[in-house]
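K.L.:
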Amino acid sequence: MILRIDRLLTELPPPSEPDVNGAAAVQELLGGKFGELSTFMNYSFQSFNFRNRQGARPFYDLVANIAAEEFAHVELVAATINTMLTGASPTEAVRVTSSPLAGLTGAQNLQHFLGGGQGSLVQDSMGKPWNGSYVFSSGDLVEDLTHNFFLETGARNGKLKVYEMVEHPAARALTGFLLVRGGVHQVAYARALENLTGANLMKLFPSPRIPTDLIPESKVHMDRGEHLKLYRFSPDDYRELAAVFNGPHPERPDEELVVVDEAPAGVPATDLPSQPAVFAPDYAPEEIAEIARKLRRAAGLSDEPSGVVANPTGSKKRSANGAAKAKPAARKPAGRTAR
Ligand code: MN3
Numbered sequence: 032m033i034l035r036i037d038r039l040l041t042e043l044p045p046p047s048e049p050d051v052n053g054a055a056a057v058q059e060l061l062g063g064k065f066g067e068l069s070t071f072m073n074y075s076f077q078s079f080n081f082r083n084r085q086g087a088r089p090f091y092d093l094v095a096n097i098a099a100e101e102f103a104h105v106e107l108v109a110a111t112i113n114t115m116l117t118g119a120s121p122t123e124a125v126r127v128t129s130s131p132l133a134g135l136t137g138a139q140n141l142q143h144f145l146g147g148g149q150g151s152l153v154q155d156s157m158g159k160p161w162n163g164s165y166v167f168s169s170g171d172l173v174e175d176l177t178h179n180f181f182l183e184t185g186a187r188n189g190k191l192k193v194y195e196m197v198e199h200p201a202a203r204a205l206t207g208f209l210l211v212r213g214g215v216h217q218v219a220y221a222r223a224l225e226n227l228t229g230a231n232l233m234k235l236f237p238s239p240r241i242p243t244d245l246i247p248e249s250k251v252h253m254d255r256g257e258h259l260k261l262y263r264f265s266p267d268d269y270r271e272l273a274a275v276f277n278g279p280h281p282e283r284p285d286e287e288l289v290v291v292d293e294a295p296a297g298v299p300a301t302d303l304p305s306q307p308a309v310f311a312p313d314y315a316p317e318e319i320a321e322i323a324r325k326l327r328r329a330a331g332l333s334d335e336p337s338g339v340v341a342n343p344t345g346s347k348k349r350s351a352n353g354a355a356k357a358k359p360a361a362r363k364p365a366g367r368t369a370r
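For the sequence shown, the working numbering puts the final residue at 370, and the numbers step up evenly by one.
#1: On a Cα-Cα basis, can you pick out the residue from L40, P307, P312 and P45 that is closest to S129?
#2: Extract the residue ranges of the alpha helix (DSSP H) inside the region 126-211, only unbroken runs of 4 or more that lie entirely within it.
#3: In chain order, what residues of the same chain have a beta carbon less than 6 Å from the beta carbon of K64, not counting five sequence neighbours either side?
#4: Return yes when the Cβ of I112 is within less than 8 Å of the Cβ of S151, no when it is not.
#5: Between the C-alpha atoms of G148 and Q142, what's the straight-line distance to the nearest angstrom?
#6: Would you say the beta carbon of G150 comes nearer than 7 Å to a heavy atom of the ligand MN3?
#7: Would you mind stating whether P44 and P200 have Cβ atoms separated by less than 8 Å?
#8: Can you find the residues in the same chain that come closer than 6 Å, C-beta to C-beta, to A273, ignoring five residues on each side of it along the sequence?
#9: Over the uninterrupted alpha helix (DSSP H) stretch that includes R324, give me the two end residues.
#10: Write down every uninterrupted run of the beta strand (DSSP E) in the region 249-300 whose length is 3 residues or greater and which is fully enclosed by it, in chain order.
#11: Since Q58 is in the alpha helix (DSSP H), which residue starts that stretch and which ends it?
#12: On the CB-based measure, 16 or more other CB atoms within 10 Å of its CB, does P279 come out buried or exposed?
#13: How about L209: is its Cβ closer than 7 Å to a heavy atom in the ligand MN3?
#14: Alpha carbon to alpha carbon, what distance is there between P336 and R324?
#15: So is the beta-carbon of H178 under 7 Å away from any non-hydrogen atom of the ligand ADP?
#16: Please name the residue, chosen from E286, M72, L235 and T177, that lies closest to H258 on a Cα-to-Cα basis.
#17: Could you say which of T41, A296, A320 and D292 lies nearest to S305 if we only look at CA atoms?
#18: Out of D334, S333, F310 and V340, point me to the one whose CA is closest to L145's CA.
#19: Should the region 230-237 be called in touch with the region 46-61, which here means at least 3 C-beta pairs below 8 Å?
#20: What residues match up with A311 in a beta bridge as DSSP calls it?
#21: How about F180 and T41: are their beta carbons less than 8 Å apart?
#22: Which of helix, strand or coil does DSSP assign to L39?
#23: Given 8 Å as the limit, is there contact between the region 170-186 and the region 211-227, that is, 3 or more CB pairs closer than that?
#24: Report back the beta-carbon spacing between F76 and Y91 to the nearest angstrom; my notes put them in contact at under 8 Å.
#25: In whole angstroms, what separates the C-alpha of P160 from that of Q154?
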């Protein structure tokens, strides 16, 4: 099972200028063949199907544990897409008869608006749905690990291409971070195969050749050693990671791989503003907020929401970032009859 922590793995910039076509490109990293949903589902099903896991414990632990980080990568890509779509339609109350979505017909992926609430979709950059045939789970450990090495190789290649294509700061922060973390997983699978077969894939297939330390959005994470760390995403389990993930980094012989014996602390996500024109979360979001307040009060909870976000509003400290500013402060609510 997976325990859930309401944090993102790394900080993303708050919404700025929306970039709907950049968001469509970032979809490749979510629902593409080599996207995060593929890494998550591949390692999840390989771990679900793993036989004689006690006999092969360090390898089982490696695959099962990396699956948990991939869940958080899917979440991070979704948060990036949602950030980039924020403000593409008005964040203020709108009259539907004023055609608030009319300016969006040129968007690469109209389903961001027509099939969803300006949010991420389980699709690639061309709108093709992710599908289960992207999962390889043969049951043969060497085959599965070899597949995983190449999956991470293709995934990093895709991240670099999106970095090259999209200049939006959220997309750059995302791809810079994922290039580093994907590199760790690539090394982890290479180390596992080296231990099992003697073949050193990092030497045999040094691909993709990505100068991560020349990418500023990657370098910030490398300066903190994130290219060397494999986190253990469980309170008590998956304790044999260090039996496989150890030794010098294959591309940086002076630096040692290390298992961090806990999950990363993470950072609170930015609470993205309502988008009333696409009914997210409603065309009159303040009515839902009022219902939530009443329910909290009736349940004996605090009047203020208990969640932690990067940009708290109300009586808590108000952040100076764009997302907070985009929140309607004192606008006239569009009543239910205003439609
Ligand atoms: Mn990943």
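Using N, Cα and C, we set each Cβ at its ideal position, and we do this for glycine too.
P.N.:
Reading it off the structure:
#1: P307
#2: 142-145 and 172-196
#3: Y165
#4: yes
#5: 9 Å
#6: Every heavy atom of the ligand MN3 is 7 Å or more from the Cβ of G150, so no.
#7: Yes; because the gap between Cβ atoms is below 8 Å, this pair is in contact.
#8: Correct list, in chain order: V290.
#9: Counted as a single uninterrupted DSSP element, the alpha helix (DSSP H) harbouring R324 occupies residues P316 to A329.
#10: 260-262, 283-287 and 289-291
#11: V51 to G62
#12: exposed
#13: L209 has its CB nearer than 7 Å to a heavy atom of the ligand MN3.
#14: 8 Å
#15: For the ligand ADP, the structure offers nothing, since it holds only the ligand MN3.
#16: E286
#17: Checked all of T41, A296, A320 and D292; the closest Cα to S305 is A320.
#18: F310
#19: With the cut-off at 8 Å, the region 230-237 and the region 46-61 do not touch.
#20: Q306
#21: Not a contact, by the Cβ cut-off of 8 Å.
#22: Here L39 carries a strand assignment [DSSP, helix/strand/coil].
#23: yes
#24: The Cβ separation is near 13 Å, so there is no contact.
#25: 4 Å
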